[in-house]
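Worksheet: the structure to be examined is printed underneath.
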Amino acid sequence: MKTRWLISLSFLVMLLGFTSLYPAITGAEKAEEAKLRIVHASPNTSAVDVYVNKDKIISDMGFKDVSEYLSVEEGSYDIKLYSSGSKPDDSDPVLEENVTVMGGEGYTFAAGGISSEISLFEFKDELTPSESEAKVRVIHLSPDAPAIDVFSLETPLVKALEYKKASVYETLPEGNYSFDIKPEGQDKAIFNLPNVELKNGKNYTIIGLGLLKGDPAFDMIISQDN
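Heads up, the sequence shown is in numbering that gives the first Met the number 0, so the first residue is 0 and it goes up one at a time.
This is the structure we're talking about:
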């Protein structure tokens, strides 16, 4: 009888030990974070300071600037842009949006449009690479440009991309490329982006911004997504 009682007590101690460990194990599991970055693509909006919730994450962000990725927990965030150097307590934001991000995902939030109509555009980024090729997409953020086609030499990469839209990611072999941007269905290029070096295992976003008729002029910038 005494032996059976000791065995039962030993089992209870072992069980309690296991249950006390279990919360520690599950508590150590950290939720996967989201990644977000900001692009200043509003051609006639001056430099801005960028706040996420109440924290300033970028100072003096100018047109065509692309931030590094910021890792955040899954959830909703207030993104506010203020004129560079202004105090949030004394100033109204140039732009304010609430966004929701999911763990394990990447996001580009672009402040675009002319200043009187500035908006925050959301694009989902692909962070997973192709080891044997590069991945490339195009985002159209030029407010006065028509839908565009993008060619590498005579090979179409993107067709009929409209303002505020992003193409899907296309895979290309590693190498040096020149991209021609043409109004949809036309033969004459309105812009050429030369000497773009793409590497296997890397993902890239090419952004068209600026103005076809006005200043700052139409331009294209490239950023790496992973």
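Yeah, the Cβ is synthetic: ideal placement off N, Cα and C, and Gly gets one too.
Since we're looking at a predicted model, the values are computed, not measured.
Could you tell me the alpha carbon to alpha carbon distance between residue i and residue j, rounded to whole angstroms?
i, j, result
"Lys-79", "Ile-147", "30 Å"
"Thr-127", "Asn-202", "8 Å"
"Thr-204", "Ser-85", "31 Å"
"Leu-20", "Val-98", "Summary for Leu-20: the model assigns pLDDT 37, below 50, so the residue's position carries little reliability; its value from the coordinates is reported in the next sentence. If I take the Cα positions, the gap works out to 37 Å."
"Glu-169", "Glu-104", "19 Å"
"Val-38", "Val-49", "10 Å"
"Leu-94", "Ser-118", "7 Å"
"Ala-30", "Val-167", "28 Å"
"Glu-183", "Ala-159", "5 Å"
"Leu-211", "Gln-185", "16 Å"
"Gly-74", "Glu-96", "14 Å"
"Asp-54", "Gly-102", "20 Å"
"Gly-207", "Gly-111", "11 Å"
"Leu-152", "Ser-90", "48 Å"
"Gly-61", "Phe-190", "22 Å"
"Val-100", "Asp-64", "22 Å"
"Gly-174", "Tyr-81", "40 Å"
Closest to residue i by CA distance: which of the options is it?
i, options, result
"Ala-33", "Glu-196, Asp-179, Tyr-106, Val-167", "Tyr-106"
"Ala-216", "Pro-182, Pro-142, Lys-163, Asp-224", "Pro-142"
"Asn-52", "His-39, Ala-40, Glu-72, Phe-62", "Glu-72"
"Pro-193", "Ser-70, Gly-213, Ile-221, Gly-103", "Ile-221"
"Asn-199", "Tyr-76, Glu-130, Ser-115, Ile-113", "Glu-130"
"Val-137", "Ser-115, Asp-218, Glu-96, Lys-55", "Asp-218"
"Val-195", "Asp-179, Leu-210, Ile-113", "Asp-179"
"Asn-43", "Ser-115, Glu-121, Pro-145", "Ser-115"
"Ala-46", "Leu-35, Ser-70, Pro-92", "Pro-92"
"Leu-156", "Ile-113, Lys-181, Tyr-162, Ser-66", "Lys-181"
"Asp-77", "Glu-161, Asp-89, Ile-56", "Ile-56"
"Ser-177", "Ala-144, Val-135, Tyr-162", "Val-135"
"Asp-214", "Ile-113, Asp-88, Ala-188, Arg-36", "Ile-113"
"Phe-150", "Gly-209, Lys-63, Lys-187, Asp-224", "Lys-187"
"Glu-121", "Leu-197, Gly-174, Tyr-162", "Tyr-162"
"Ala-144", "Asn-225, Gly-209, Asp-224, Tyr-81", "Gly-209"
If residue i and residue j are in contact, beta carbons under 8 Å, what's the gap, nearest whole angstrom?
i, j, result
"Lys-123", "His-139", "Actually they are not in contact, since the Cβ atoms of Lys-123 and His-139 sit about 16 Å apart, beyond 8 Å."
"Pro-172", "Glu-125", "Actually they do not touch by this definition, with Cβ atoms about 18 Å apart."
"Asp-59", "Ser-83", "5 Å"
"Ser-66", "Arg-36", "5 Å"
Quick check on the DSSP output: the beta strand (DSSP E) that includes residue i runs from which residue to which?
i, result
"Lys-53", "Unbroken run through Lys-53: none, as it is neither H nor E."
"Ser-118", "118 to 124"
"Glu-196", "190 to 197"
"Glu-106", "One detail in the question is off: residue 106 reads as Tyr in this sequence, not Glu. Looking at the DSSP string, the run of the beta strand (DSSP E) that includes Tyr-106 is 105 to 111."
"Asp-77", "74 to 82"
"Glu-95", "94 to 100"
"Val-157", "154 to 160"
"Pro-128", "Element bounds for Pro-128: n/a, residue is neither H nor E."
"Phe-150", "147 to 151"
"Val-38", "33 to 40"
"Ser-66", "Neither: Ser-66 is in no beta strand (DSSP E) and is coded neither H nor E."
On the DSSP bridge list, what partners appear for residue i?
i, result
"Tyr-203", "Val-135, Gln-223"
"Met-60", "Val-47"
"Gly-174", "Leu-197"
"Glu-169", "Val-135"
"Lys-164", "Answer is none; Lys-164 lacks a bridge partner."
"Pro-182", "Ile-147"
So does residue i have its beta carbon nearer than 6 Å to some heavy atom of the ligand SAH?
i, result
"Asp-148", "The ligand SAH is not part of this structure, which contains no ligands at all."
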